[in-house]
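Enquirer:
What follows is the structure, given as C-alpha cells:
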C-alpha cells in the first residue's frame, strides 16, 4: 500500500492478507498513527497472523523487491487485471485513497492494470480492490489458500 491514509482500510487489508496468506508492505508516510486503535479494530486479532513490513518511502520499498514484478492497480489504464497473466512472485501495489500514486511510481512499475467497473463511478475502496486483485492473482497462480 502506497502511503495509505485511512487506518480502517489498512486494517481491512491486513485481515485480508492474514486470511489469504499474503504479506503486506506499507510505504510511508502513513496518514495516521500506526498504533491507531482503528487499525486493530478493523484487523482484529488477524493482525497477529500477517507479516507487515513498513518502508521509509518508495525508494526503500522498491529496493526490497528483488526480481519481483511490481503490478500497479490504477484507474488510469485500460489494461484489465483479468487479461493480465500474474506470476506467483508479483507484488501488487495500491495507491493512496485520495490521489493514487505519483508519476514516478507509475514509471517504476512493471505494468499497470485496472479492475473493470461501470463508467459512471470513479473507483472501488482500496481494501475492496486489494481483495479482488489478490484473489484473481492467487486464482491464476494456483496459490489460493485451502
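Residue numbers (full-length UniProt numbering): 1 to 146.
Where a beta carbon is used, it is the ideal one built from N, C-alpha and C, also for glycine.
A quick note: this is a predicted structure, and the numbers were derived from the prediction, not measured.
(1) So what's residue 132 in DSSP terms, helix, strand or just coil?
(2) So within the UniProt domain "tRNA/rRNA methyltransferase SpoU type" (2-134), which uninterrupted alpha helix (DSSP H) runs reach at least 4 residues, ignoring any that extend past its ends?
(3) Report yes or no: do the stretch 7-18 and the stretch 46-57 share at least 3 C-beta pairs separated by less than 8 Å?
(4) Whose C-alpha, out of 146, 4, 35, 33, is nearest the C-alpha of residue 24?
(5) Given a threshold of 16 other Cβ atoms within 10 Å of its Cβ, counted over all protein chains shown, does residue 95 qualify as buried or as exposed?
(6) Helix, strand or coil for residue 141, going by three-state DSSP, please let me know.
(7) Are the CB atoms of residue 93 and residue 134 nearer to each other than 8 Å?
(8) Could you check if residue 68 is buried or exposed, using at least 16 other CB atoms within 10 Å of its CB as the buried criterion?
(9) Pick from 140, 90, 84, 73: whose alpha carbon is nearest that of residue 127?
(10) Just mark residue 98 as buried or exposed, buried being the case when its beta carbon has 16 or more other beta carbons within 10 Å.
Expert: Taking the structure as given:
(1) Residue 132 sits at position 132 when you count from the first residue of the chain shown. Residue state, collapsed to three classes: helix.
(2) You should have 7-20, 37-43, 58-63, 103-108.
(3) Taking 8 Å as the limit for Cβ pairs, the verdict is that the stretch 46-57 does touch the stretch 7-18.
(4) Against the chain shown, residue 24 aligns to sequence position 24. If we check each option's Cα against that of residue 24, 4 comes out closest.
(5) Position 95 of the chain shown, counted from the first residue, corresponds to residue 95. Burial is judged here by how many other beta carbons sit within 10 angstroms of a residue's own beta carbon; residue 95 has at least 16 and is buried.
(6) The residue given as residue 141 occupies position 141 in the chain shown. Helix, per DSSP.
(7) For the purposes of this step, residue 93 is taken as residue 93 along the chain shown, with counting starting at 1. For the purposes of this step, residue 134 is taken as residue 134 along the chain shown, with counting starting at 1. Cβ atoms of residue 93 and residue 134: not closer than 8 Å.
(8) Within the chain shown, residue 68 is the residue found at index 68, counting from 1. Per the 10 Å Cβ criterion, exposed.
(9) As a first step, residue 127 is located in the chain shown; it is residue number 127 there, counting from the start. Of the residues 140, 90, 84, 73, the one whose Cα lies closest to the Cα of residue 127 is 73.
(10) Your numbering for residue 98 matches position 98 in the chain shown. Around the beta carbon of residue 98, a 10 Å sphere encloses fewer than 16 other beta carbons of the protein chains shown; the residue is thus reported as exposed.
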